[in-house]
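Residue numbers (the numbering used here): 15 to 475. Ideal placement from N, C-alpha and C gives every residue a C-beta, glycine not left out. A quick write-up on the structure given underneath.
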């Protein structure tokens, strides 16, 4: 049975808390389900027969109990996605029990042929199929996230830190697969989950952890495809963290995880922050991002394209979190030297005080200051910086084509033509005796000028 490649609905876990309660009942009573007798007729010739038959019976029992439970809701239409959840559930159980692909297909076919026996309303029509691997992975990490959200401390060794750390890991996995793994459907469900979280944070551990308030989930941006456009400025930050070749035309170095770990992570997530359940941890992360951003801007200040990256960072990230940054600045001015974010603020002020001051007063002025600085540079200064940036990666020199080099030389010759018009450039050097020529170049010691020019001999070692 081939995996179906149709669009899958990931938004099927809102009622997971109810489903988890029902499955406990199913595990106790599935063997007594009279409408599941057809499951005993599945033909197998290997050791999986009993496992698959049990799964089949549980599926039938699960469906009937969820359907009965759904009728108790005041608005059953809001909870109508249980067939989709059941299809995920059985795929998940097959994975957990390491059932072979062939035996999975036998089970799916058997259920599709017999479901009308227990589903008179045919709600399961076209809802029984093997979910393809890509969609299953995304749905599985969403399942872990919702299960963690609805979980109790008892499931996490009655340890609050362990519970929240697990939630952070599951939430961040979803973020990475959404934005860096290019799964836009997952991004859509993450926004729905954020709304659920904002309404009620961790419903089953209320008052069990000594936390006055839980941190909010950061606002999520719309997913942006990495597809290239005619504009080289499009998604510039993402390109700087993903590929080394992209940075060469700009002369902007990669934003690598070694020196820019937090900034790199933020950009990979399309300027969405990971989850932090502790306010101080979140402030530390935010201050590291700002410090690394200012450091990168200072090191590449002469690059004409830097302002494009600065604008993207400011619009997509800083302005959305400006109020929180203002709180950090105010806190640090009062005194927070013992905190990591306070130490970072102090270091940033000492090393990049002018930059930090501009950002604190008005972040737009920081961008305008960069544009003004570039306009103040001479054409020769800009060209020299481009050349330095291009050749700073010595290993890349062999890959530079003659076309690129000629492109670099064209503006240089133009600059020198302009210089020649302004002042007289001597065309020869005064002849002088050469005393420091090595013995094996002795035949060139009596160099004579000809027509006002001097010939320089060159012999490679």
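Which class does residue i belong to by DSSP, given the choice of helix, strand or coil?
i: residue 303; result: helix
i: residue 113; result: coil
i: residue 80; result: helix
i: residue 145; result: strand
i: residue 283; result: coil
i: residue 289; result: coil
i: residue 62; result: coil
i: residue 169; result: helix
i: residue 364; result: helix
i: residue 24; result: coil
i: residue 352; result: coil
i: residue 71; result: helix
i: residue 46; result: helix
i: residue 296; result: helix
i: residue 95; result: coil
i: residue 133; result: coil
i: residue 85; result: coil
i: residue 154; result: helix
i: residue 316; result: coil
i: residue 139; result: coil
i: residue 56; result: coil
In the DSSP assignment, find the unbroken alpha helix (DSSP H) run with residue i in it and report its ends.
i: residue 42; result: 30-43
i: residue 386; result: 377-390
i: residue 349; result: 336-349
i: residue 322; result: 320-327
i: residue 186; result: 174-189
From this set, the options, which residue's C-alpha is nearest residue i's C-alpha?
i: residue 222; options: 268, 171, 182; result: 171
i: residue 274; options: 139, 161, 300, 329; result: 300
i: residue 248; options: 177, 321, 215; result: 321
i: residue 209; options: 163, 277, 72, 116; result: 163
i: residue 26; options: 155, 214, 338; result: 155
i: residue 354; options: 239, 383, 294; result: 294
i: residue 196; options: 71, 252, 158, 143; result: 252
i: residue 180; options: 57, 158, 45; result: 158
i: residue 225; options: 173, 269, 44, 122; result: 173
i: residue 393; options: 367, 53, 351, 318; result: 318
i: residue 477; options: 29, 148, 231, 379; result: A query on residue 477 cannot be resolved here, the shown segment of the chain reaching from 15 to 475 and no further.
i: residue 548; options: 303, 96, 390; result: Residue 548 is absent from the model: the chain starts at 15 and stops at 475.
i: residue 109; options: 79, 144, 129, 77; result: 144
i: residue 169; options: 218, 67, 213, 123; result: 218
i: residue 107; options: 150, 137, 175; result: 150
i: residue 76; options: 58, 49, 229, 233; result: 49
i: residue 69; options: 136, 104, 22; result: 104
i: residue 123; options: 340, 139, 112; result: 139
i: residue 141; options: 167, 177, 147, 94; result: 94
i: residue 82; options: 214, 340, 313, 36; result: 36
i: residue 14; options: 126, 309, 98; result: Residue 14 falls outside the range modelled here, since the chain spans only 15 to 475, and no answer is possible.
i: residue 187; options: 129, 287, 386; result: 287
i: residue 115; options: 345, 235, 147; result: 147
i: residue 166; options: 100, 215, 304, 340; result: 215
i: residue 296; options: 236, 73, 228, 371; result: 228
i: residue 233; options: 211, 239, 254, 250; result: 211
i: residue 281; options: 178, 390, 235, 28; result: 235
Got a sec? Which residues, its chain only, sit under 8 Å from residue i by beta carbon, not counting five neighbours each side?
i: residue 381; result: 321, 324, 325, 328
i: residue 283; result: 189, 190, 193, 194
i: residue 351; result: 357, 360
i: residue 66; result: 56, 58, 113, 117, 120, 121
i: residue 34; result: 161, 164
i: residue 378; result: 328
So, for residue i: in the same chain, excluding its five sequence neighbours on each side, which residues have a beta-carbon less than 7 Å away from its beta-carbon?
i: residue 412; result: For residue 412, the predicted structure reports a pLDDT of 46, less than 50, and the residue's modelled location is therefore unreliable. A value from the coordinates is still provided. Closer than 7 Å at Cβ, skipping near neighbours: no residue.
i: residue 185; result: 159, 289
i: residue 24; result: 152, 153, 156, 199, 200, 203
i: residue 30; result: 160, 161, 164
i: residue 79; result: 36, 39, 40
i: residue 373; result: 380
i: residue 415; result: Low per-residue confidence applies at residue 415: pLDDT is 46, beneath 50, and the placement is therefore not dependable, though the value from the model is reported in the following sentence. Cβ within range, chain order: n/a, list empty.
i: residue 385; result: 321
Who are the near neighbours of residue i in its chain, counting only those whose CB is closer than 6 Å to its CB and skipping five residues on each side?
i: residue 32; result: none
i: residue 242; result: Residue placement at residue 242 cannot be trusted, given a pLDDT of 49 that sits under 50; what the coordinates show is reported in the next sentence. Hits under 6 Å: none found.
i: residue 439; result: Note that residue 439 scores 49 on pLDDT, short of 50, meaning its location in the model is unreliable; the coordinates nonetheless yield the value given after this. Cβ within range, chain order: n/a, list empty.
i: residue 302; result: 276
i: residue 330; result: 285
i: residue 111; result: 65
i: residue 362; result: 305, 370
i: residue 62; result: 113, 117
Worksheet item: Along the chain, which unbroken stretches of the alpha helix (DSSP H) at least 4 residues long are found entirely within the segment 192-278?
Response: 198-213, 250-256, 261-264
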